[in-house]
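So the structure is just underneath, and the comments pick up after that.
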Amino acid sequence: MLKVLRFIVKHIENISEWSGSLFRYIVPLLVFTITYDVFLRYVFNAPTKWSYDITYMLGGTLMLMMQAYTLFHKGHVNIDILQRTFPPKANLLIDTIFSLFLFFPLMLVLFYSSLRHAITSIALHELSNVGFWRPILYPFRTMIPVAWFLVLLQGIATFIRNIYSLTHRGQEL
Amino acid sequence: MIDMSPELVTVVMFGLLVVFVLLGYPLAFILGSVGLGVGFITSGLPVFEIVYLRMYGAITTYTFLAMPLFVFMGLMMERSGVSDSLFEALHVWLGGFRGGLAIATVLIGTLLAATVGVIAASVTMLGLIAMPAMLKRGYNKELACGAVCAGGSLGILIPPSVMLVLYGPMANISVGKLFMGAFMPGFLLSALYCTYIGIMSFLKPELAPSVALEERRVPFLRKSYMLVTSLVPPLILILAVLGSIFLGIAAPTEAAAVGALASVLMCLAYRRLTLTKLKEAMLGTARVTGMAFMVVIGASIFTGVFIKLGGADVVMNFVLSAPGGRWGAFALIMFITLILGMFIDWIGIILVMIPIMAPVGVALNFDPLWFAMMLIVNLQLSFITPPLAYAIFFLQGTLKPEMEVTTMHIIRGILPYIGLISLGLLLMVKFPQIALWLPDKMIRKAW
Numbered sequence: 001m002l003k004v005l006r007f008i009v010k011h012i013e014n015i016s017e018w019s020g021s022l023f024r025y026i027v028p029l030l031v032f033t034i035t036y037d038v039f040l041r042y043v044f045n046a047p048t049k050w051s052y053d054i055t056y057m058l059g060g061t062l063m064l065m066m067q068a069y070t071l072f073h074k075g076h077v078n079i080d081i082l083q084r085t086f087p088p089k090a091n092l093l094i095d096t097i098f099s100l101f102l103f104f105p106l107m108l109v110l111f112y113s114s115l116r117h118a119i120t121s122i123a124l125h126e127l128s129n130v131g132f133w134r135p136i137l138y139p140f141r142t143m144i145p146v147a148w149f150l151v152l153l154q155g156i157a158t159f160i161r162n163i164y165s166l167t168h169r170g171q172e173l
Numbered sequence: 174m175i176d177m178s179p180e181l182v183t184v185v186m187f188g189l190l191v192v193f194v195l196l197g198y199p200l201a202f203i204l205g206s207v208g209l210g211v212g213f214i215t216s217g218l219p220v221f222e223i224v225y226l227r228m229y230g231a232i233t234t235y236t237f238l239a240m241p242l243f244v245f246m247g248l249m250m251e252r253s254g255v256s257d258s259l260f261e262a263l264h265v266w267l268g269g270f271r272g273g274l275a276i277a278t279v280l281i282g283t284l285l286a287a288t289v290g291v292i293a294a295s296v297t298m299l300g301l302i303a304m305p306a307m308l309k310r311g312y313n314k315e316l317a318c319g320a321v322c323a324g325g326s327l328g329i330l331i332p333p334s335v336m337l338v339l340y341g342p343m344a345n346i347s348v349g350k351l352f353m354g355a356f357m358p359g360f361l362l363s364a365l366y367c368t369y370i371g372i373m374s375f376l377k378p379e380l381a382p383s384v385a386l387e388e389r390r391v392p393f394l395r396k397s398y399m400l401v402t403s404l405v406p407p408l409i410l411i412l413a414v415l416g417s418i419f420l421g422i423a424a425p426t427e428a429a430a431v432g433a434l435a436s437v438l439m440c441l442a443y444r445r446l447t448l449t450k451l452k453e454a455m456l457g458t459a460r461v462t463g464m465a466f467m468v469v470i471g472a473s474i475f476t477g478v479f480i481k482l483g484g485a486d487v488v489m490n491f492v493l494s495a496p497g498g499r500w501g502a503f504a505l506i507m508f509i510t511l512i513l514g515m516f517i518d519w520i521g522i523i524l525v526m527i528p529i530m531a532p533v534g535v536a537l538n539f540d541p542l543w544f545a546m547m548l549i550v551n552l553q554l555s556f557i558t559p560p561l562a563y564a565i566f567f568l569q570g571t572l573k574p575e576m577e578v579t580t581m582h583i584i585r586g587i588l589p590y591i592g593l594i595s596l597g598l599l600l601m602v603k604f605p606q607i608a609l610w611l612p613d614k615m616i617r618k619a620w
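Protein chains in written order, with the working numbering: chain A, 1 to 173; chain B, 174 to 620.
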């Protein structure tokens, strides 16, 4: 049983770590896409018609695909004035209980609603309507529930770790 | 479905926000969950659609993309080692004056501000470079800490600033205009800080002794070479980024991308570019982006529900009913911002407060740009006012035990700067042109 849990948690964390190392390469892609467009516009007076769509799709992917990685590395800001005065076990307990109503419902709703939109988008073969290039939009719409699913997985991994630590006197899983 | 009056919505939403934040749960999830929860109780399943639309809107806002790009530019600049060479150069130039190193610290903070734009990076860098140098030469600990915290915090105000990138879309003001508007207030604060340090070290020489002559006796040519090589490249970068916005050549997002590319080239020119550094900077960018945009998404859900349920009108009426008319209401807004700044980090304040407060500013007949500048200068206080003061956290992170600097030294050191920032705000009330003159001269104002 313990082995199975350890296996699951370890693999989820590997996925989160891997998503960070992979999707960081969106940063240079963004730099390239935008500077290339600026260059063409001013040097050849011929801006690309695809740059705008590609840019916001890359940007949105960066913002969401980084969430699981950031959660895994505990990169989210919080205030620890009161926490510092509590014993570590109490803090872990607060975090674990709070995640049940401040984390999981929100992530489930984000996942569920974006999944519905992704399915509709695929069924309609939706096209982007913000520029005049009008590329297919459904790959971007599909990325969104995938990203939130990864966040949910990482949330579950952290939750299992916390529960184990709480029930085994602070031991790591 | 439970009917809630707008007044009740306001009290419940902000009440829950404060309680959970104080208990230490991450702000981003609290914002989103409180929005979702209150929305679900009052309007049921349709709130799922609001959640999706607010999230989708947040991640597809083109202007927001300037943020990861500027962060990347800053991280590359940090790795180029330009701040070390700059401090060395200013050390030999200004070391002879009393308080010269502290003034050098603020000046580097001001310049770094223009290239880095992320407070963590500025304060950490100054803490690592300037703190040991000042303490070694017998500078007063409070004075040294104050200069590092205040100088480092300027990064978030002086453009290109990540804070303004988030502010623009929230208040429907062009980010380019905000950049130009923040320029002079930023330099005003910097000048106030330097003057303060100069006066203090003149009155009490033991606070900041001048550096021994042997240590700063460098031939004039060598001295000038040091200054030019460390000052000119970052200045070119800043001028290229801000100049192209000012002249209307590029939108902020485009200028940010060009700046990011230029920062990589600058690293190459300083012979500091390696693949590892590049990959580290990308991951660093990605992590800041992940953190910041979860707050953006959470806050978008929160304000979306809050405004839909009529909470914004409650806040508006509350502020407008303040005694003392227009300026009384304005003072109340500044006070609320100050108090929130002590507890909530700046991304949260910008994203929660601005959609609610910007219309109040318009209703009070204040220039939106000036109003924005007053708020962001006020937010400078949020970095240095405990209990949640980023500048203090980051400085603490760089301190070594043998320096014997305690949190109390830091807090005492930054107290005077609270007065200086307030003085800056008063000057901006008296002379609104400080914020409004430069944007007025822009070639293309739409950006």
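In this text, a Cβ means the ideal position worked out from N, Cα and C, and glycines have one as well. Because the structure is a prediction, the values reported are computed rather than measured.
Am I right that residue i and residue j are in contact with their C-beta atoms under 8 Å? What's the rounded C-beta distance?
| i | j | result |
| --- | --- | --- |
| Ile470/B | Met228/B | 5 Å |
| Arg271/B | Pro358/B | Arg271/B to Pro358/B, Cβ: 28 Å. No contact. |
| Leu280/B | Leu404/B | Wrong, their Cβ atoms sit about 10 Å apart, outside the cutoff. |
| Ile302/B | Gly349/B | Their Cβ separation, rounded to whole angstroms, is 32 Å, which puts Ile302/B and Gly349/B out of contact at 8 Å. |
| Met143/A | Leu64/A | 7 Å |
| Thr558/B | Gly300/B | Actually they are not in contact, since the Cβ atoms of Thr558/B and Gly300/B sit about 19 Å apart, beyond 8 Å. |
| Tyr443/B | Ser253/B | 5 Å |
| Leu195/B | Ile79/A | 7 Å |
Under the DSSP definition of a beta bridge, which residues are partnered with residue i?
| i | result |
| --- | --- |
| Ile584/B | Answer is none; Ile584/B lacks a bridge partner. |
| Ile136/A | Leu127/A |
How many angstroms separate the CA atom of residue i from the CA atom of residue j?
| i | j | result |
| --- | --- | --- |
| Met546/B | Leu362/B | 12 Å |
| Ile34/A | Ile587/B | 41 Å |
| Val146/A | Ala68/A | 11 Å |
| Ala157/A | Gly197/B | 20 Å |
| Val130/A | Lys49/A | 11 Å |
| Val244/B | Ser326/B | 15 Å |
| Leu596/B | Leu542/B | 20 Å |
| Ile26/A | Gly59/A | 8 Å |
| Pro332/B | Gln171/A | 47 Å |
| Leu554/B | Ile594/B | 7 Å |
| Thr234/B | Tyr56/A | 7 Å |
| Cys440/B | Leu248/B | 11 Å |
| Leu93/A | Pro47/A | 55 Å |
| Leu337/B | Ala429/B | 13 Å |
| Asn551/B | Thr510/B | 7 Å |
| Leu189/B | Ala277/B | 44 Å |
| Phe111/A | Leu218/B | 15 Å |
| Ser206/B | Phe104/A | 9 Å |
| Trp519/B | Val391/B | 43 Å |
| Ala472/B | Met373/B | 42 Å |
| Phe32/A | Leu242/B | 11 Å |
| Leu524/B | Leu339/B | 8 Å |
| Leu263/B | Arg585/B | 26 Å |
Taking 8 Å as the limit between beta carbons, can you name the residues of its chain near residue i, skipping five residues before and five after?
| i | result |
| --- | --- |
| Arg141/A | Ser114, His117, Ala118, Ser121, Ile122 and Glu126 |
| Leu308/B | Lys314, Ala317, Met576 and Val578 |
| Ile160/A | Leu5, Ile8, Val9 and Leu173 |
| Asn538/B | Arg499 |
| Thr462/B | Met240, Pro241 and Val244 |
| Leu166/A | Lys89, Leu92, Leu93 and Thr96 |
Please list the partners that residue i has in chain B, where partner means a Cβ-to-Cβ separation under 8 Å.
| i | result |
| --- | --- |
| Arg24/A | Lys452, Met455, Leu456, Thr458 and Ala459 |
| Leu100/A | Simply none; closest approach about 11 Å. |
| Met66/A | Ala459, Arg460, Thr462, Gly463 and Phe466 |
| His73/A | Arg460 |
Can you list, in chain order, the residues of its chain with a C-beta nearer than 6 Å to that of residue i? Leave out the 5 residues immediately preceding and following it.
| i | result |
| --- | --- |
| Ala323/B | Tyr366 and Tyr590 |
| Leu62/A | Ile26 |
| Met246/B | Gly432, Ala433 and Ser436 |
Which residues in chain A have a C-beta closer than 7 Å to the C-beta of residue i? List them in chain order.
| i | result |
| --- | --- |
| Gly570/B | Near Gly570/B there are no residues of chain A at all, since even the closest Cβ is about 14 Å away, more than 7 Å. |
| Val431/B | Thr35 and Val38 |
| Tyr225/B | Ser113, Ser114 and His117 |
| Asp518/B | Val77 |
Can you list, in chain order, the residues of its chain whose CB lies under 7 Å from that of residue i, leaving out five sequence neighbours each side?
| i | result |
| --- | --- |
| Ile506/B | Val492, Met530 and Val533 |
| Arg310/B | Leu274, Pro382 and Val384 |
| Leu209/B | Val220, Val224 and Ile474 |
How would you list, in chain order, the residues of chain B whose beta-carbon sits under 7 Å from the beta-carbon of residue i?
| i | result |
| --- | --- |
| Met1/A | Chain B residues near Met1/A: none, gap ~30 Å exceeds 7 Å. |
| Leu110/A | Val224 and Met228 |
| Gln83/A | Gly197 |
Could you list which residues in chain B have their beta carbon closer than 9 Å to that of residue i, in chain order?
| i | result |
| --- | --- |
| Tyr164/A | Those do not exist, as Tyr164/A stays about 20 Å from chain B at its closest Cβ, beyond 9 Å. |
What in chain A is Cβ-close to residue i, meaning under 8 Å?
| i | result |
| --- | --- |
| Phe245/B | Val27 and Val31 |
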